[in-house]
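Residue numbers (my numbering): 15 to 244. In this text, a Cβ means the ideal position worked out from N, Cα and C, and glycines have one as well. Comments concern the structure below.
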């Protein structure tokens, strides 16, 4: 008796024809096939992306090359113009020729822009407040030392005491200067009147003496009434 059997090709009608064996075995095999296809798709996507990136890099490299070429051409043009000017003698006898370059600012923490702005202000006569105070303090200190050496009276203590208001004002200016000066190394100490007086007393000049006029009685005896009408 002939026994009907299922055609072998029917086992590939499910799971896209992948795998063989029982349905559970074919399902497991199909999962592996799907994972492999997914990995392949990811690899293709990355490859395409890299290719697109390479093309963008090529475009960027081309633009950079054009910019470099333009900048190089400008540099050559400027260099040619400088050489032509030098040949004509345009750079001869310029101000400062043969002299050393100006020194950099004393403060290394000041940028070039701030230094230039300060230079413009100085050239236009602008002076910071602390600088004006410094000049006034120096002038007043020297004036007080000169006045100590030239007493107006013979009483030394009274002479020194008369300078106290000026010393108070000077020390007030010194306090204001010390607050506004940018560098702490430039601060000043108070004017010590006591120490300055002790230092100046041996060198001080003596006050001028008052001469008394003498009265001669003989002149009174020789005076006559007719002298009134002379």
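Straight-line gap, residue i to residue j (C-alpha atoms, nearest Å)
i	j	result
residue 79	residue 62	26 Å
residue 166	residue 152	23 Å
residue 196	residue 145	10 Å
residue 148	residue 157	14 Å
residue 177	residue 108	55 Å
residue 97	residue 114	23 Å
residue 169	residue 192	35 Å
residue 134	residue 89	31 Å
residue 171	residue 189	27 Å
residue 211	residue 201	23 Å
residue 123	residue 59	54 Å
residue 35	residue 44	12 Å
residue 251	residue 56	Residue 251 is absent from the model: the chain starts at 15 and stops at 244.
Interface flag, residue i vs chain C, CB-CB below 7 Å
i	result
residue 62	This model lacks chain C altogether, as it is built from one protein chain only.
Where residue i falls, given that 16 or more other Cβ within 10 Å makes a residue buried
i	result
residue 173	buried
residue 181	buried
residue 91	exposed
residue 64	exposed
residue 214	buried
Contact belief for residue i with residue j at Cβ below 8 Å, rounded distance in angstroms
i	j	result
residue 163	residue 217	6 Å
residue 143	residue 194	6 Å
residue 126	residue 205	Residue 126 to residue 205, Cβ: 39 Å. No contact.
residue 247	residue 207	Past the boundaries of the shown model lies residue 247; the chain is included only from 15 to 244, so the question cannot be answered.
Own chain, CB closer than 7 Å to residue i, minus 5 neighbours either side, in chain order
i	result
residue 159	210 and 214
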